[in-house]
Amino acid sequence: MDIVVCIKRIPDTADVVGIDASKKDIEKDSLAFKINDWDDYALEAAVQLKEKQGGSITAVTVGPKEWDDILRRALAMGADKAIRVDQDMVTADCYAVAKVLDALIRDLSYNLVLFGAQSEDFGCSQLGVMVAEMLGIPHAALAVSLQVADGRIHVSRELEAGMLESYTIELPALLTIQTGINRPRYISLGGIKRAMSKELQVMSLSDLGLSLDTLAPMVRLEKLELPPRGKEAELISGSPEETADQLARILQNSGIF
Amino acid sequence: MAEILVVAEHRQQKLADVSLQILSKGRQLADKAGIELIAVVIGADVSGYAEELARWADKVLAVKIDTPGESLAEPCQKILSSIIKDRKPKLVLIGHSSFGMDLAPSLAVELDAPLATDCIDISMQNDSIVVTRSIYNGKVNAVYSFVPCEIVIVTGRIGEFASEESDRKGEIEKIDFRLEEDLGYKVFEGYIEQEVGGVDITQADVLVSVGRGLKDKENIEMAEELARALGGIVACSRPVVDSGWLPAEHQVGLSGKTVKPKLYLALGISGAFQHTVGLKGSEMIVVINKDARAPIFSVADYGIVDDIFKVVPALTQKIIELKG
Amino acid sequence: MALAEYKYKDILHRCFRCGYCKFPTNWIDVNNCPAYARFRMESYSCGGRLWLTRAWLNGEIDWTDHLAQIMYSCTACKNCEEKCPLRFNVDIVDMIRATKSEMVERGLIPSVVKEFLENIQRQGNPYGKARAKRGEWIGGTGIPQYEGQEFLYYVGCVGSYDTRAQETARTLGKVLIKAGLPFGVLGSEENCDGNEVNTLGEETLFEMLAEENIQKFRDLGVTKIVTLSPHSYNTMKNDYPRFDGSFEVRHYTQLLRDLITQGKLNFSGGLNARVTYHDPCFLGRWNGEYDTPRQILNSIPGIELIEMEKNKTGALCCGGGGGNFYTDFLAGSESSPARIRAREAYATGASILAVACPNCMTMLEDAVKAEGLEGELAVKDISEIVAEVCGLA
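Have a look at this one:
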């Protein structure tokens with residue numbers, strides 16, 4: 431099975447504190463970066479498939495040089511090669527990024543393409559399904575289980591309220607992966623070092639026959655703003671004993687017990 | 024055409040709540056802009072749905088197809104693409120549900136139309152559409168506009184728009200659609216419902232809900248003790264189920280259950296929207312989390328910013344003491 | 035790896051299940067292995083883990099979350115090494131570490147351990163708090179930045195980020211200033227010392243942390259280091275030389291004792307209290323340092339030092355080692371080792387439980403509260419006791 435997994439590097443949202451002066455980006459001072467959680471699950475799914483059925487995994491991304499670190503992690507996890515299209519498109523319209531990935535992936539040989547269902551930063555949930563349509567292959571979003579047999583893939587898609595929808599899809603196909611589908615393995619530093627010898631290829635937009643002009647966004651960011659405060663919670667403060675005591679009394683007075 | 028088109032989703036003999044919510048929003052936008060609101064519903068037997076949708080929409084396209092199952096992305100995309108290319112609505116509204124996520128992006132590419140997903144606000148001024156999205160896990164809002172174009176597709180966040188009462192009698196147009204294409208490359212096998220174990224969190228008066236902040240399966244005991252003291256049961260957010268600490272029937276949220284207890288006590292839960300949407304109906308929401316910036320505080324009635332491992336045992340003890 | 039590749043394959047089978055590893059030096063109970071005290075199952079004792087390791091590497095049992103939790107519940111306290119009557123006792127703690135290493139390499143570790151290690155990789159501390167905030171503990175104390183002074187005061191992750199431990203970090207800094215010691219701290223330039231990363235089996239990450247620290251210290255001209263935590267003390271003294279990092283490393287109690295005997299720290303008063311001292315594993319069993327902290331306490335007028343029944347080589351670990359102050363595998367019960375230790379301290383009749391380690395501090399203070407002993411038993415760091423009697427409180 432030849433699998434392509436598309437991954438993204440995102441800031442740890444726990445560190446996100448505020449908006450910068452331009453009002454079009456967040457303050458980037460003390461941000462730490464990591465691989466998008468959903469993409470970790472997608473990589474793990476790919477690695478588990480490869481362990482069962484053999485084949486190869488290519489990890490791809492579109493981003494600047496700093497994004498090599500997540501590709502190295504993907505290689506350490508079990509990807510055989512990695513490709514980065516050297517262009518910072520984080521603030522771009524998903525449609526534009528999808529065009530780049532389409533141009534990249536259509537020239538690779540693959541049976542299955544995996545994306546995380548969404549990213550922790552912008553959470554659009556668009557990219558994977560857009561790329562599927564551009565590649566002209568069937569897709570299913572929010573996969574929570576998958577099994578490959580006889581050139582087809584059996585997928586369960588997550589719906590609301592605990593329901594699942596199941597499909598049999600002909601390969602090649604594209605899936606977007608939901609969290610909880612597996613337990614992504616830990617990547618030790620030793621693993622990352624050992625993976626340094628694996629191939630990490632860097633390409634440019636022009637290598638793909640594209641340029642920023644051909645990728646003009648249709649959706650434009652006007653500004654960022656802080657969400658309105660809404661009703662404030664009444665904060666109980668003090669030592670743990672004091673707050674526990676106060677809360678217990680509030681609950682008792684409210685008739686909870 | 025100057026109109027707003029809403030795609031209605033349905034499953035198991037019911038229209039999806041989010042469809043009615045965006046329909047209400049669509050009604051509002053259409054009224055303000057002085058244009059029509061069209062609803063599209065697609066399925067094997069849609070006349071009942073069409074009548075319901077006609078209470079809001081000026082016109083309902085009730086599309087009957089042969090394929091089994093209800094709202095499935097693949098056949099819907101084929102049909103909608105044909106309808107939209109024909110009618111060219113200014114704005115297409117779809118719920119940001121699992122169905123919406125499976126449908127909207129590929130539909131947008133097929134129509135070469137701009138798409139903004141999971142929007143928490145939508146407005147139309149003259150001819151331009153502006154949307155707001157919630158990003159960075161609820162910490163920041165982003166406002167977007169679109170380049171001039173014929174059709175804009177927007178998906179709306181579940182639970183964000185109020186579903187308002189309406190009593191029109193819109194026109195219903197019945198359409199019989201024969202799908203030309205063979206959709207055998209993506210065959211729908213059926214629905215699977217979660218197994219119901221012994222626990223039904225939707226019936227409890229008190230829920231002690233745990234999140235990633237619980238650190239380890241062993242610590243569930245601490246939450247169970249508190250739940251026992253309060254006469255309630257333990258619930259959780261998604262990461263707890265993903266990590267295998269509790270079975271899925273305890274999960275509150277979008278892909279889990281919606282609950283309305285007297286007390287929802289959230290321990291070590293950050294409050295991603297997908298979780299909080301399931302508990303907003305609770306009578307009292309109390310949050311204990313050591314991160315003062317956790318989004319869940321914005322839905323809380325009471326909050327304690329402290330380490331759950333310090334507060335919870337003290338709280339359990341105090342409750343037992345007060346009970347006498 | 036199969037058993038054939040395991041570093042200790044030739045001696046792994048030698049545990050003959052005598053069970054001594056669970057006893058304290060004075061034999062008074064059978065609960066001195068902190069994980070065994072918590073769970074009361076043989077799997078959780080050193081011998082149990084060794085046999086489980088053998089079964090796992092032999093393919094007799096499969097890896098499960100539970101197996102990983104058993105391994106990671108080891109706090110590396112060395113009680114087992116102290117009591118094991120066999121010659122291979124010097125290796126047994128390392129053998130568990132090697133098992134954890136194997137789990138790390140295969141990526142099969144409990145999710146909370148994964149979090150711990152990923153947080154360190156990303157932010158230089160297990161809490162995952164922003165690196166840029168590491169120096170915030172300094173506040174307005176005037177504790178100076180290191181710029182080539184004689185001593186580097188190395189604080190560590192717990193002292194830098196845990197609110198209670200930050201108080202200790204500040205107090206110690208003030209005491210050193212009072213003693214006129216030329217020193218500085220790294221603040222947000224400080225990075226994790228790696229001791230826990232090592233005990234958790236992430237060898238390459240540990241190497242990287244050690245090498246980076248050593249390079250940084252060299253670049254800054256550091257020769258003498260005084261640490262807040264015995265964990266930092268242990269790794270910098272015993273492991274860093276392996277990476278060509280040879281510095282004169284002391285735990286702060288050793289420095290304070292000298293400053294007191296040299297007359298550089300004078301007590302303006304005494305402390306009338308019964309005090310009991312809890313030996314931190316990384317100062318005591320790991321480095322044989324039992325006397326220095328006691329010398330300090332004994333030198334303070336008014337203090338009546340009472341020993342717990344299990345002390346020195348037989349001290350019960352607080353349960354915070356091996357990353358457990360974060361992963362909390364031993365939490366959630368009155369049999370948690372920290373709570374047992376709090377009860378043991380209380381039983382001496384002491385009003386103060388003295389500690390010399392920020393991990394012990396956080397574990398035991400929480401335990402005292404969980405036991406409902408707040409107000410009766412105060413947990414104080416030795417630096418805080420010294421600060422009090424020097425008029426610095």
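Residue numbers (my numbering), protein chains in the order written: chain A, 431 to 687; chain B, 24 to 347; chain C, 35 to 427. Beta carbons: idealized from backbone N, C-alpha and C, even for Gly. Predicted model only: the values in this text are computed from it and were never measured.
Taking DSSP as the reference, what is the three-state secondary structure of B/Gln-51?
If DSSP states are grouped into helix, strand and coil, B/Gln-51 belongs with the helices.
Between the beta-carbon of A/Leu-505 and the beta-carbon of A/Ala-625, is there less than 7 angstroms?
yes
Using the DSSP secondary-structure output, state which residues sit across from A/Ser-413 in a beta bridge.
Outside the displayed span of chain A (431 to 687) sits residue 413 of chain A, for which this structure offers no information.
Reduced DSSP category for C/Ile-104 - H, G, I as helix; E, B as strand; rest coil
Helix at C/Ile-104.
Please report the Cβ distance between C/Leu-317 and C/Pro-264, rounded to the nearest whole angstrom; I am assuming they are in contact, meaning their Cβ atoms lie under 8 angstroms.
4 angstroms
Within chain C, the residues that B/Asn-242 reaches when beta carbons sit closer than 7 angstroms:
Asp-362, Ala-365 and Gly-366
With DSSP collapsed to three states, give me the class of C/Cys-52.
C/Cys-52: coil per DSSP, three-state reduction.
Taking the alpha-carbon positions, what's the B/Val-64 to A/Leu-461 distance?
45 angstroms
Pull the bridge partners of A/Lys-464 from the DSSP assignment, please.
A/Ile-440
Check distances from the C-beta atoms of the segment 659-682 of chain A to those of chain C and list, in chain order, the residues that come in under 9 angstroms.
Ser-669, Pro-670 and Glu-671
Hey, which unbroken runs of the beta strand (DSSP E) at 3 residues or more fall wholly within the segment 177-231 of chain B?
194-199 and 209-216
Just list the residues that DSSP pairs C/Leu-387 with in beta bridges.
C/Thr-310 and C/Val-413
For B/Phe-320 and B/Val-310, which I take to be in contact (beta-carbon distance under 8 angstroms), what is that distance rounded to the nearest angstrom?
6 angstroms
Spatial neighbours of B/Ile-327 in its chain, beta-carbon cut-off 7 angstroms, leaving aside the 5 residues before and after:
So the qualifying residues of the chain are Ile-311 and Val-334.
Hey, how far is the Cα of B/Leu-84 from the Cα of B/Ala-73?
One C-alpha to the other measures close to 8 angstroms.
By DSSP, does B/Asp-141 sit in helix, in strand, or in coil?
strand
Against chain A: residues of the segment 225-240 of chain C by CB proximity under 8 angstroms:
Glu-236, Glu-237, Thr-238 and Leu-239
According to DSSP, is B/Lys-162 part of a helix, a strand, or is it coil?
coil
Check whether the segment 347-354 of chain C and the segment 132-145 of chain C touch, using three or more Cβ-Cβ pairs below 8 angstroms as the test.
no
Residues in the segment 507-540 of chain A having any Cβ partner in chain C nearer than 8 angstroms:
Met-507
In chain C, what lies closer than 8 angstroms to A/Ile-617 by C-beta?
Gly-141
Please state whether DSSP places C/Gly-355 in a helix, a strand or coil.
coil
Please decide whether A/Gly-687 counts as near chain B, where near means a Cβ-Cβ distance under 7 angstroms.
It should be pointed out that residue 687 of chain A corresponds to Phe in this sequence rather than to Gly. Yes, because at least one Cβ of chain B sits closer than 7 angstroms to the Cβ of A/Phe-687.
Could you name the residues of the same chain whose beta carbon sits closer than 6 angstroms to that of B/Glu-216, not counting the 5 residues immediately before and after it, in chain order?
none
Distance between beta carbons of B/Thr-155 and B/Gly-118, contact taken as under 8 angstroms:
Wrong, their Cβ atoms sit about 17 angstroms apart, outside the cutoff.
Which value, in whole angstroms, describes the spacing of the CA atoms of C/Leu-293 and C/Val-209?
10 angstroms
For B/Ala-25, collect the residues of the same chain with a Cβ closer than 7 angstroms to its Cβ; drop the 5 residues on either side in sequence, then sort them by chain order.
Excluding positions up to five away in sequence, the list reads Ile-58 and Lys-113.
Short Cβ contact (7 angstroms threshold) for C/Leu-290 with C/Gly-336:
For C/Leu-290 and C/Gly-336, no; Cβs fall outside 7 angstroms.
Taking C/Ile-154 and C/Val-219 to be in contact with their CB atoms under 8 angstroms, please state how far apart those CB atoms are, rounded to whole angstroms.
No, C/Ile-154 and C/Val-219 are not in contact; Cβ-Cβ is about 20 angstroms, not under 8 angstroms.
Could you check whether the segment 89-107 of chain C touches the segment 368-383 of chain C, counting it as contact only if at least three pairs of C-beta atoms, one from each stretch, sit closer than 8 angstroms?
no
Proximal residues, the segment 324-346 of chain B versus chain C, C-beta separation under 8 angstroms
Phe-332, Lys-333, Pro-336, Ala-337 and Gln-340
If you draw a straight line from the C-alpha of B/Pro-98 to the C-alpha of B/Tyr-214, how long is it?
When only Cα atoms are considered, B/Pro-98 and B/Tyr-214 end up about 17 angstroms apart.
Are three or more beta carbon pairs between the segment 251-265 of chain C and the segment 151-170 of chain C nearer than 8 angstroms?
no
How long is the line joining the alpha carbons of B/Leu-253 and C/His-100, rounded to whole angstroms?
30 angstroms
Taking contact to mean 3 or more Cβ pairs, one atom from each stretch, closer than 8 angstroms, check whether the segment 623-641 of chain A and the segment 592-610 of chain A are in contact.
The segment 623-641 of chain A, when compared against the segment 592-610 of chain A, does not touch it at the 8 angstroms Cβ threshold.
By the 8 angstroms beta-carbon criterion, what residues does the segment 144-157 of chain C contribute toward chain A?
When CB distances to chain A are screened at a threshold of 8 angstroms, the residues of the segment 144-157 of chain C falling below it are Ser-145, Val-147, Lys-148, Leu-151, Glu-152, Gln-155, Arg-156 and Gln-157, in chain order.
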